Amino acid sequence: MSLAFSASQQLDLPVASEADRLSAYLDDEQRVVQALLDPTQLEPLGPGRYRYTVSQVRVFQLKIQPVVELQVVRRQGRLELEALDCQLEGLGLVEDFRLGLCSWLAAADGGLTGEASLSVTVSRPTLLQLIPPKVLEATGRSVLGGILLGIRTRVSQQLLGDFQRWCRST
1 MSLAFSASQQ
11 LDLPVASEAD
21 RLSAYLDDEQ
31 RVVQALLDPT
41 QLEPLGPGRY
51 RYTVSQVRVF
61 QLKIQPVVEL
71 QVVRRQGRLE
81 LEALDCQLEG
91 LGLVEDFRLG
101 LCSWLAAADG
111 GLTGEASLSV
121 TVSRPTLLQL
131 IPPKVLEATG
141 RSVLGGILLG
151 IRTRVSQQLL
161 GDFQRWCRST
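Spelled out as structure tokens, the structure:
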């Protein structure tokens, strides 16, 4: 039996100064990606492609560490980030795992807007057969929501801090 769960988060973040320069900042794809994601866990694979080792997540008694291949595209004034592939390291119990990630950031009047959606489809690990599927799915949604909240925090702190440093240096 497969489990499926998802979460999404919208962003509407005002920028106090130099918001008119956000679009130019978003053009520096690698800088933006490194501000959004922990650079020590990020490996460039080529233009617009990265491998990201997500911090270990603990769900019930399982320790899961996803390694996600990401593609970044600048399209129609937006920076879009999408998961191309995902592997679970250190977990041989899951036969079928699919992660979906679609997100975007764009400069808007006076700030930054965006949206991120995460979804997971996974076969039910034998270790968790006694836990009702609804409980597993609710837990999965909660974990994904926590990941998205962490990304939102990084945008509002790391990305905007980096944007301010970029503005001072250019």
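Residues in the sequence shown are numbered consecutively from 1, following UniProt numbering.
We put the CB at the ideal spot given by N, CA and C, even for glycine.
Here the structure is a predicted model, which is why all the values come from computation and not from measurement.
For Ala-19, there is no enclosing alpha helix (DSSP H), as DSSP marks it with neither H nor E. The residue among Leu-37, Asp-27, Leu-81, Val-57 with its C-alpha nearest the C-alpha of Arg-154 is Leu-37.
The straight-line gap separating the alpha-carbon atoms of Glu-29 and Ala-19 is approximately 17 Å. A straight-line Cα-Cα distance of about 11 Å links Gly-161 and Arg-168.
Counting C-beta pairs closer than 8 Å gives fewer than three between the stretch 8 to 19 and the stretch 126 to 140, which falls short of the contact rule. Counting only unbroken stretches of 4 or more residues, the alpha helix (DSSP H) elements lying wholly within the stretch 27 to 62 are 29 to 36, in sequence order. With fewer than 16 other Cβ atoms from the protein chains shown falling within 10 Å of its own Cβ, Ser-142 counts as exposed. The C-beta separation of Ala-83 from Leu-105 comes to about 16 Å, leaving the pair out of contact by the 8 Å criterion. For Gly-46, the closest of Val-72, Ala-116, Val-15 by C-alpha to C-alpha distance is Val-72.
Ranked by how close their Cα comes to the Cα of Thr-121, the residues Thr-113, Asp-109, Gly-140, Gly-150 have Gly-140 in first place.
Taking the Cα of Gln-76 as reference, the smallest distance to any Cα among Ile-147, Val-33, Asp-27 is reached at Asp-27. With respect to the 8 Å criterion, Thr-53 and Val-33 are not classified as neighbours on the basis of their beta carbons. If you ignore the 5 residues before and after Gly-111, its C-beta comes within less than 8 Å of the C-beta of Asp-12, Leu-13, Pro-14, Val-15, Ala-19, Leu-22, all in its own chain and listed in chain order. With a 10 Å radius around the Cβ and a threshold of 16 neighbouring Cβ atoms, Ala-35 comes out buried. In this structure, the beta-carbon distance from Ser-123 to Ser-2 falls below 8 Å.
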